[in-house]
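See below for the structure under consideration.
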Amino acid sequence: MTVTRVTTGRTVAQSLRRGLLVLLGLGLLGTAVDLVLLDHYEDVWQMPPLVLSGGSLLIVLWAGLGGGRTAIRALRIAMVLCIVSGLAGLALHYNGNREFQHEIDPDLAGWALFSKVVTAKAPPALAPAVMAQLGLLGLLYTYRHPEFEARIESQEEKS
C-alpha cells in the first residue's frame, strides 16, 4: 500500500517560514552566547550586537508564539537594526585592524594591507557580517507574511 501525501503551496510555505524562524532564533542565540563568551561588552561600541541579539531573540519568540502583525513589524525593525549593526561592526573591526597593522608596519599599503586586515584574528574583521546575515534571514521570514496577506485579501474583497 502506498501512501501519498498531498501538500498545498500554503503548507509548504508555512513549513519553510517556520524553519526560517527556527534558524533565525538559533543564529541569534548562538551569536549572543558567542558575544558573551568573548566579553564583547567591554566598550559602548561593543554593546549593540549583544543587545540586538537578545532583544531580537525575544521578538522571534513573540512572533513564533503568534504575536500577530505587531510582532512581525517589530521583527522587521529589529532585523533592519541587525543589518545596520553588522555593517557598522564591519567598519569598526576593519578600521581597528587597519590601525593595528599600520602600527606594526607603517609601510604596509594596498592589497597587502587589506589582506592582513581582513585575515586578522582579533578582532575578526568579517565576524560582524553574521549580524547582517541574520537580519536578512529575518527579513526573509517577514516577506509577504500571512498576517499581512490576509489583510490585503480582505481589502480586495471589499472593493
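For any residue, its number in the numbering used here is found by taking its place in the sequence shown, counting from 1, and adding 495.
Every residue, glycine too, gets a C-beta built ideally from N, C-alpha and C.
When you compare the CB positions of residue i and residue j, do they come within less than 8 Å of one another, or not?
{"i": "Ile567", "j": "Thr506", "result": "no"}
{"i": "His588", "j": "Pro618", "result": "yes"}
{"i": "Leu585", "j": "Ala624", "result": "yes"}
{"i": "Gly581", "j": "Gly630", "result": "yes"}
{"i": "Ala563", "j": "Glu644", "result": "First, the residue type needs correcting, since residue 563 is Gly and not Ala in the sequence shown. Against a cut-off of 8 Å, the Cβ pair of Glu644 and Gly563 comes out as no contact."}
{"i": "Leu570", "j": "Leu523", "result": "no"}
{"i": "Leu485", "j": "Leu515", "result": "Since the first residue of the chain shown is 496 and the last is 654, residue 485 is not available in this structure."}
Which word fits residue i, buried or exposed, when buried means at least 16 other C-beta atoms lie within 10 angstroms of its C-beta?
{"i": "Gln596", "result": "buried"}
{"i": "Ile554", "result": "buried"}
{"i": "Val612", "result": "buried"}
{"i": "Met542", "result": "exposed"}
{"i": "Leu547", "result": "buried"}
{"i": "Ala558", "result": "buried"}
State the DSSP-derived secondary structure class of residue i, mapped to helix, strand or coil.
{"i": "His535", "result": "coil"}
{"i": "Gly562", "result": "coil"}
Using only the alpha-carbon positions, how far apart do residue i and residue j sit?
{"i": "Leu533", "j": "Asn592", "result": "17 Å"}
{"i": "Leu519", "j": "Asp602", "result": "43 Å"}
{"i": "Glu537", "j": "Gly549", "result": "17 Å"}
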